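Numbering (the working numbering), first residue to last: 1066 to 1179.
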Amino acid sequence: QVQLVESGGGLVQPGGSLRLSCAASGTIFSRNVMGWYRKAPGKERELVARITSDGSTIYADSVKGRFTISRDNAKNTVYLQMNSLKPEDTAVYYCRVTWGHDYWGQGTQVTVSS
């Protein structure tokens, strides 16, 4: 069984930064894709960024140049560095790992407000 534990969310002022972490435990295939998604109130869940086990990345247009996804394969951990945060980044952020099987974290709240 695979478990994903997210951390690092919170309240930050516009222009501020946060770093999210997601640690995966259990039996995980080494070649996988780890990603961050978010869901804001009244909106559909959307992809924020994802990264393959060999380091290839994809970002949503809305976060390009502000967010950076990275991973530590030895620790089965994925990170999301979020800079220049905007109020529209407010959402619950979810971690996902997939290799045919699909696992999600419980979500962590990010609120950007003055």
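Heads up, the beta-carbon is just placed ideally off N, CA and C, and yes, glycines get one too.
Here the structure is a predicted model, which means the values were calculated and not measured.
- CA-to-CA, the gap between Val1098 and Gly1170 works out to about 14 Å.
- DSSP places Asp1126 in the coil class of the three-state scheme, outside both helix and strand.
- Distances from the CA of Ala1105 to each of Ala1089, Thr1155 and Arg1161 were compared; the closest alpha carbon is that of Thr1155.
- For the 9 Å CB-CB criterion, Tyr1168 and Val1070 do not form a contact.
- For Trp1169, the beta-bridge partners assigned by DSSP are Arg1161.
- Uninterrupted beta strand (DSSP E) stretches at least 3 residues long and entirely within the stretch 1083–1135 occur at 1083–1090, 1098–1104, 1111–1117 and 1122–1124, given in chain order.
- The closest CA to that of Phe1132, considering only Ile1116, Phe1094 and Ser1179, is found on Ile1116.
- Counting only residues of its own chain and dropping the five nearest sequence neighbours on each side, Tyr1124 has a CB closer than 6 Å to the CB of Ala1114.
- Buried is the label assigned to Thr1173, since at least 16 other Cβ atoms lie within 10 Å of its Cβ.
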